[in-house]
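Novice: Residue numbers (the numbering used here): 75 to 448.
Glycine included, every Cβ here is placed at the ideal spot set by N, Cα and C.
Below is a structure I'd like to ask you about.
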Amino acid sequence: MKRRRILRSVGGGAGIAGTGLTLFRDASSYRHVDTHKSGDEVVRRERVSSDWWEHVQQARHYRDIISEKYLGSEGIRSVGITQGCAEVGDRRQMEISVGVESRRYGNDLPAEIHGISVTKRTVPDRKLMTQCENAGDYPDMPGGVEIHDPEGAATSTCAVKDTNKDEVRMLTADHLFYTGDCKDTSETRVYQDGTVLGDVRKHDLDLDYAFVDLSLNDTYEYQNKVLDSSLDSRVSVDGYVSSNGVCVMMCNDACTNSDCSKEDIRKEGIALGSLTGEYITEIDHQNDSCPTYEGEGIVTTFDIAGGDSGGPMYDYRDDNAYILAINSGATEEQKRQQSCTNDDGEEVKIYPYGGASGPSAYSIYNDTSMKFAY
Numbered sequence: 075m076k077r078r079r080i081l082r083s084v085g086g087g088a089g090i091a092g093t094g095l096t097l098f099r100d101a102s103s104y105r106h107v108d109t110h111k112s113g114d115e116v117v118r119r120e121r122v123s124s125d126w127w128e129h130v131q132q133a134r135h136y137r138d139i140i141s142e143k144y145l146g147s148e149g150i151r152s153v154g155i156t157q158g159c160a161e162v163g164d165r166r167q168m169e170i171s172v173g174v175e176s177r178r179y180g181n182d183l184p185a186e187i188h189g190i191s192v193t194k195r196t197v198p199d200r201k202l203m204t205q206c207e208n209a210g211d212y213p214d215m216p217g218g219v220e221i222h223d224p225e226g227a228a229t230s231t232c233a234v235k236d237t238n239k240d241e242v243r244m245l246t247a248d249h250l251f252y253t254g255d256c257k258d259t260s261e262t263r264v265y266q267d268g269t270v271l272g273d274v275r276k277h278d279l280d281l282d283y284a285f286v287d288l289s290l291n292d293t294y295e296y297q298n299k300v301l302d303s304s305l306d307s308r309v310s311v312d313g314y315v316s317s318n319g320v321c322v323m324m325c326n327d328a329c330t331n332s333d334c335s336k337e338d339i340r341k342e343g344i345a346l347g348s349l350t351g352e353y354i355t356e357i358d359h360q361n362d363s364c365p366t367y368e369g370e371g372i373v374t375t376f377d378i379a380g381g382d383s384g385g386p387m388y389d390y391r392d393d394n395a396y397i398l399a400i401n402s403g404a405t406e407e408q409k410r411q412q413s414c415t416n417d418d419g420e421e422v423k424i425y426p427y428g429g430a431s432g433p434s435a436y437s438i439y440n441d442t443s444m445k446f447a448y
């Protein structure tokens, strides 16, 4: 039975909402933008100034121009939008951030484009796998637990529903199922704790998503939940964070008077477990042959290690999970080595990287017929 939803609106101002309407003005030149959705249904809005919102659209536009000109050039790995410290309207302004292999690349980048600053940062190579948390047999299988092919283990994101075929499938990262050159991963056999689940039935190399069916298992069931190892409980998935929501939730802790702890964003993976207290820094376009995230990747301040790939990043709100992105890669250099004890009592080395990134949930929803809440 479908749950009755209550639309939550943050901030004052009245407006008229109609079918298909995504934002509107109030009497004080503010807008309400849709930030959290369940399918096409809006479950949360937030009030922002019209000046800031128009600035966000300009930043996206000029990010695309910089991407078209520089992405693909030697040493350029990504182009994204991030948050600066100056203010536009009632919020921080956006900047264009270019990821480079080293500081010697990107010297011909402009300092700004039409008033929007352009900065650069170094990003590491992708590293793939360590298994410390949420391992074991899960016949009622949620997101956030171990999933693997014959080559190694990673993490499931969450269950989703194919509305065209009325089938439930498990979402995870596509790059788990190929090594070296990008390749077609369709019909790759997938397991959970050694038990066969089914095959990859739909996937995308650029957006780095894969959907696993249950065609070879009639005893398991996919749950529309995420196993949060820190809460030791399963959190129901109620939808996803929209592109508007990502812009609203973005933060820059280097700025004076920043309050980046106001959001409760979480990350789950079998290597580092459940992480909290971090925030969104960027919307990114990778220059890898795959994945590229198609200009809609999410960059955060979370750490990530091999094995975490495929796991969910989500906004924990009203005791529900709104999927933000899939753990996929890193944008910062390797940090101090860690260790954990796995289920076999063995000490395992972990090599975390900073700046966890991955394809946005909203881009996956827009590209497929899959629902994050059903």
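Near tyrosine 212, what residues of its chain come up, given a Cβ to Cβ distance below 6 Å and the 5 sequence neighbours on each side ignored?
Specialist: Along the sequence shown, read from residue 1 onward, the residue named residue 212 stands at position 138. Only Val219 meet the Cβ criterion.
Novice: Alpha carbons only, please: which of Gly154, Leu349, Asp164 is nearest the one belonging to glutamate 120?
Specialist: As a working note, residue 120 is residue 46 in the sequence shown. Ranking the options by Cα distance to glutamate 120, first place goes to Asp164.
Novice: Whether or not the region 410-418 and the region 125-139 are in contact is what I'm after, with contact meaning three or more pairs of Cβ atoms, one per stretch, closer than 8 Å; do they touch?
Specialist: Taking 8 Å as the limit for Cβ pairs, the verdict is that the region 410-418 does not touch the region 125-139.
Novice: Along the chain, where does the alpha helix (DSSP H) containing arginine 134 start, and where does it finish?
Specialist: The count along the sequence shown starts at 1 and reaches residue 134 at position 60. Note, arginine 134: alpha helix (DSSP H), 124-144.
Novice: Does the contact criterion of 3 or more C-beta pairs under 8 Å hold for the region 379-393 versus the region 342-359?
Specialist: Yes: the two stretches touch, three or more of their Cβ pairs being nearer than 8 Å.
Novice: Go through its chain and collect everything with a Cβ distance to glycine 86's Cβ below 7 Å, but skip five positions before and after it.
Specialist: Here the question's residue 86 lines up with position 12 in the sequence shown. Summary for glycine 86: the model assigns pLDDT 43, below 50, so the residue's position carries little reliability, and this model does not support an answer.
Novice: Can you look up asparagine 440 in the DSSP assignment and give me helix, strand or coil?
Specialist: Position 366 of the sequence shown holds residue 440. Helix, per DSSP.
Novice: Which of the three DSSP states, helix, strand or coil, is assigned to cysteine 321?
Specialist: Working through the sequence shown from its first residue, we reach residue 321 at position 247. DSSP places cysteine 321 in helix when its eight states are reduced to three.
Novice: Run through the region 298-384 for me and flag every whole beta strand (DSSP E) of 3 or more residues, listed as ranges in chain order.
Specialist: List check, beta strand (DSSP E) in window: 307-315, 339-343, 347-352, 354-360, 371-374.
Novice: By how many angstroms is the C-alpha of methionine 387 removed from the C-alpha of cysteine 159?
Specialist: Taking the first residue of the sequence shown as 1, we reach residue 159 at position 85. Taking the first residue of the sequence shown as 1, we reach residue 387 at position 313. If I take the Cα positions, the gap works out to 25 Å.
Novice: Would you mind stating whether threonine 156 and glutamate 148 have Cβ atoms separated by less than 8 Å?
Specialist: Looking up residue 156 in the sequence shown gives position 82. Looking up residue 148 in the sequence shown gives position 74. Against a cut-off of 8 Å, the Cβ pair of glutamate 148 and threonine 156 comes out as no contact.
Novice: Using 8 Å as the threshold, is the C-beta distance between leucine 398 and valine 315 below it?
Specialist: Counting from one through the sequence shown, the residue named residue 398 turns up at place 324. Counting from one through the sequence shown, the residue named residue 315 turns up at place 241. Yes, the Cβ-Cβ distance between leucine 398 and valine 315 is below 8 Å.
Novice: Less than 8 Å between C-beta atoms, sequence neighbours within five positions excluded: which residues of the same chain meet that for isoleucine 372?
Specialist: Counted from its first residue, the sequence shown places residue 372 at position 298. Excluding residues within five positions, the ones whose Cβ falls inside 8 Å are Val320, Ile354, Glu356, Ile357, Asp358, Met387, Leu398, Ala399, Ser431, Gly432, Pro433, Ser434.
Novice: Would cysteine 232 and valine 311 qualify as a contact pair, given that the criterion is a beta-carbon distance under 8 Å?
Specialist: The count along the sequence shown starts at 1 and reaches residue 232 at position 158. The count along the sequence shown starts at 1 and reaches residue 311 at position 237. Yes, these two residues count as a Cβ contact at 8 Å.
Novice: Do you know offhand how far tyrosine 265's Cα is from serine 103's?
Specialist: Here residue 265 is taken as the residue at index 191 of the sequence shown, counted from 1. Here residue 103 is taken as the residue at index 29 of the sequence shown, counted from 1. Going from the Cα of tyrosine 265 to the Cα of serine 103 covers about 53 Å.
Novice: In chain order, what residues of the same chain have a beta carbon less than 6 Å from the beta carbon of glycine 272, not counting five sequence neighbours either side?
Specialist: Against the sequence shown, residue 272 aligns to sequence position 198. So the qualifying residues of the chain are Val286, Asp287, Leu288, Ser289, Leu290.
Novice: Let's test the definition: count the other Cβ atoms within 10 Å of the Cβ of glycine 108 and tell me whether it reaches 16, buried, or not, exposed.
Specialist: Residue mapping note: residue 108 aligns to position 34 of the sequence shown, counting from 1. Before going on, a small fix: residue 108 reads as aspartate here, not glycine. By the 10 Å Cβ count, aspartate 108 comes out buried.
Novice: Among residues of its own chain, excluding the 5 on either side of glycine 384, which ones have a beta-carbon nearer than 7 Å to its beta-carbon?
Specialist: In the sequence shown, residue 384 corresponds to position 310, counting from 1. Ile221, Ala228, Thr229, Ser230, Thr231, Thr246, Ala247, Leu250, Ile400, Asn401.
Novice: Which value, in whole angstroms, describes the spacing of the CA atoms of serine 317 and cysteine 414?
Specialist: Translated into positions along the sequence shown, residue 317 becomes position 243. Translated into positions along the sequence shown, residue 414 becomes position 340. In a straight line, the C-alpha of serine 317 is about 36 Å away from that of cysteine 414.
Novice: Nearest CA to the CA of tyrosine 136: which residue from Glu115, Val172, Asn440, Ser124?
Specialist: To locate residue 136, count along the sequence shown from 1; it is residue 62. Among Glu115, Val172, Asn440, Ser124, the Cα nearest to that of tyrosine 136 is on Val172.
Novice: How about serine 112 and alanine 447: do their beta carbons lie closer than 8 Å?
Specialist: Residue numbering aside, residue 112 sits at position 38 when the sequence shown is read from its first letter. Residue numbering aside, residue 447 sits at position 373 when the sequence shown is read from its first letter. It is a contact, given that the beta carbons lie within the stated cut-off.
Novice: Where do the ends of the beta strand (DSSP E) carrying arginine 105 lie?
Specialist: Start at 1 with the first residue of the sequence shown, and residue 105 comes out as number 31. Run containing arginine 105: 104-112, per the beta strand (DSSP E) assignment.
Novice: Rounded to whole angstroms, what is the Cα-Cα separation between lysine 143 and aspartate 441?
Specialist: The residue labelled residue 143 in the question sits at position 69 within the sequence shown. The residue labelled residue 441 in the question sits at position 367 within the sequence shown. Looking at the two C-alpha atoms, the distance is approximately 25 Å.
Novice: Establish whether the CB of serine 383 and some CB of chain B are separated by less than 8 Å.
Specialist: In the structure shown, chain B cannot be found, because there is only a single protein chain.
Novice: Report the rounded CA-to-CA distance for asparagine 298 versus tryptophan 127, giving the unit in angstroms.
Specialist: As a working mapping, residue 298 is identified with position 224 in the sequence shown. As a working mapping, residue 127 is identified with position 53 in the sequence shown. Going by the C-alpha atoms only, they are around 33 Å apart.
Novice: Ordered along the chain, which non-local residues of its own chain (more than five positions away) have a Cβ less than 8 Å from that of serine 176?
Specialist: Here residue 176 is taken as the residue at index 102 of the sequence shown, counted from 1. The answer, listed in chain order, is Gly149, Thr196.
Novice: Taking the DSSP output, what are the residues bridged to asparagine 416?
Specialist: In the sequence shown, residue 416 corresponds to position 342, counting from 1. DSSP output for asparagine 416 lists no bridge partner at all.
Novice: Beta strand (DSSP E) containing serine 171: first to last residue?
Specialist: Working through the sequence shown from its first residue, we reach residue 171 at position 97. Taken as a continuous stretch (DSSP letters only), the beta strand (DSSP E) holding serine 171 covers 165-174.
Novice: Going by C-alpha to C-alpha distance, which of Gly313, Leu145, Asp236 sits closest to tyrosine 179?
Specialist: The residue you call residue 179 lines up with position 105 of the sequence shown. Residue Leu145 is the option with its Cα nearest to tyrosine 179.
Novice: If we ignore side chains and look at the alpha-carbon of each, how far apart do threonine 350 and aspartate 418 end up?
Specialist: Stepping through the sequence shown from its first residue, residue 350 is reached at position 276. Stepping through the sequence shown from its first residue, residue 418 is reached at position 344. Cα to Cα, threonine 350 sits roughly 27 Å from aspartate 418.
Novice: Using alpha carbons as the reference points, say which of Thr262, Ile438, Val117 lies closest to leucine 278.
Specialist: Translated into positions along the sequence shown, residue 278 becomes position 204. The question names leucine, but residue 278 is aspartate in the sequence shown. Out of Thr262, Ile438, Val117, Ile438 has the C-alpha closest to the C-alpha of aspartate 278.
Novice: According to DSSP, is arginine 99 helix, strand or coil?
Specialist: Working through the sequence shown from its first residue, we reach residue 99 at position 25. Because the pLDDT of arginine 99 is 43, which lies under 50, any placement of that residue in the model is unreliable, and the question is left without a value.
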